[in-house]
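K.L.:
First the structure, then my questions, so here it is.
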Ligand code: NAI
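Residue numbers (our numbering): 100 to 341.
Next comes the structure, spelled out in structure tokens:
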């Protein structure tokens, strides 16, 4: 039986892939494990462990061949083939996705945009026609569709998801803030930009606390003064104001 790779490892792979792509763009052909891990801000042992999940790729005394590693990680991530995507919900987010050209560089081709708003019928975004949702069955018959991106309001997301699954699309890139309940054979990737923002917010608070304590520790004589910590709060901008 194949070894199950942890999701944490899988989540780090796109980052490795991105960095390796940049190295290739810069003409780097070979890199040591230490250099690569420093660049990617992981420990050399973490990098080795991650890549060992897939059989290694490094050579003792040589390091990594950048092109080979890039191609192999690409294969692991399924990037060695084209994925056709339709976007359902051609509002702000749907149009922004369709406008982003770099997905294509990675083999993700947006070939259809769908909505229910008749005012959007026939509007094109980067050359892609916005079609009405009722035309989806016909479209799917005539075009290969691998992934449906859902950028519809939360209230309509489940219904739209059921529809695309019925039409034989079994991968969903879900932006609606709703946990879709779908059969196991459907792969769903939920995207929540707000989770990332909350993570950022947490790190801001943590950083501010650390700065505050660093300041307090570097001014030990002042700490006994009445009101020092209150004063600290008002000092040196927002970092101390939490
Ligand atoms: P929007 O209102 O600009 O666009 C929604 C579009 O969906 C509209 O054009 C509407 O006509 C269409 N629509 C509604 N029901 C439909 C259906 N049954 N079939 C096809 N199209 C339908 O909204 P926006 O800002 O683009 O957001 C779209 C969704 O993405 C919302 O659910 C929002 O909460 C979510 N969102 C998620 C983010 C994330 O990080 N996951 C970030 C931003 C928005």
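The C-beta atom is built at its ideal place from N, Cα and C for all residues, glycine as well. No experiment lies behind these values; they were computed from the predicted model shown.
Just to confirm the assignment, what range does the alpha helix (DSSP H) spanning residue 202 have?
P.N.:
201 to 204
K.L.:
Using the beta carbon as the reference atom, which residues fall closer than 7 Å to any heavy atom of ligand 1, ordered along the chain?
P.N.:
Those satisfying the condition are, in chain order, 187, 188, 189, 190, 191, 192, 193, 213, 214, 215, 216, 219, 232, 250, 251, 252, 253, 255, 256, 258, 259, 274, 275, 276, 290, 291, 292 and 293.
K.L.:
Anyone know if the C-beta pair for residue 270 and residue 286 falls short of 7 Å?
P.N.:
yes
K.L.:
Would you say residue 58 and residue 247 are within 7 Å of each other, going by their C-beta atoms?
P.N.:
Residue coverage of the chain in this structure runs from 100 to 341, which leaves residue 58 outside it and unanswerable.
K.L.:
Should residue 266 be flagged as near chain C, meaning a C-beta pair shorter than 7 Å?
P.N.:
Checking the listed chains, one finds no chain C in this structure; it contains a single protein chain.
K.L.:
Where are the beta strand (DSSP E) runs, 3 residues long or more, that stay fully inside the segment 264 to 294, in chain order?
P.N.:
270 to 273 and 286 to 289
K.L.:
May I ask which residues mark the beginning and end of the beta strand (DSSP E) holding residue 109?
P.N.:
Premise fails: residue 109 lies in the alpha helix (DSSP H), 106 to 124, not in any beta strand (DSSP E).
K.L.:
Select from 264, 292, 290 and 291 the residue whose C-alpha is nearest the C-alpha of residue 283.
P.N.:
264
K.L.:
Which partner residues does residue 230 have in the DSSP bridge list?
P.N.:
213
K.L.:
Within 10 angstroms of its Cβ, does residue 115 collect 16 or more other Cβ (buried), or is it exposed?
P.N.:
buried
K.L.:
For the beta strand (DSSP E) that residue 249 lies in, which residues bound it at each end?
P.N.:
Counted as a single uninterrupted DSSP element, the beta strand (DSSP E) harbouring residue 249 occupies residues 246 to 249.
K.L.:
State yes or no: is the C-beta of residue 146 within less than 7 Å of the C-beta of residue 156?
P.N.:
no
K.L.:
Should the segment 214 to 225 be regarded as contacting the segment 188 to 199, the criterion being three or more beta carbon pairs within less than 8 Å?
P.N.:
These segments touch.
K.L.:
Below 6 Å CB to CB, which residues in the same chain sit around residue 131 once its five sequence neighbours on both sides are set aside?
P.N.:
162
K.L.:
Which same chain residues end up closer than 6 Å to residue 341 when comparing Cβ atoms and leaving out the 5 residues on each side of it in sequence?
P.N.:
Legend: pLDDT at residue 341 = 44, less than 50; position of this residue unreliable, value from coordinates given subsequently. Within the same chain, residue 341 has close Cβ partners 307.
K.L.:
So residue 153 and residue 184 are in contact, right, with Cβ under 8 Å, and what is the actual spacing, rounded?
P.N.:
With a Cβ gap of about 26 Å, residue 153 and residue 184 do not count as contacting.
K.L.:
Tell me which same chain residues have a C-beta within less than 6 Å of the C-beta of residue 272, skipping the five on either side of it?
P.N.:
246, 248 and 288
K.L.:
Which value, in whole angstroms, describes the spacing of the CA atoms of residue 165 and residue 127?
P.N.:
7 Å
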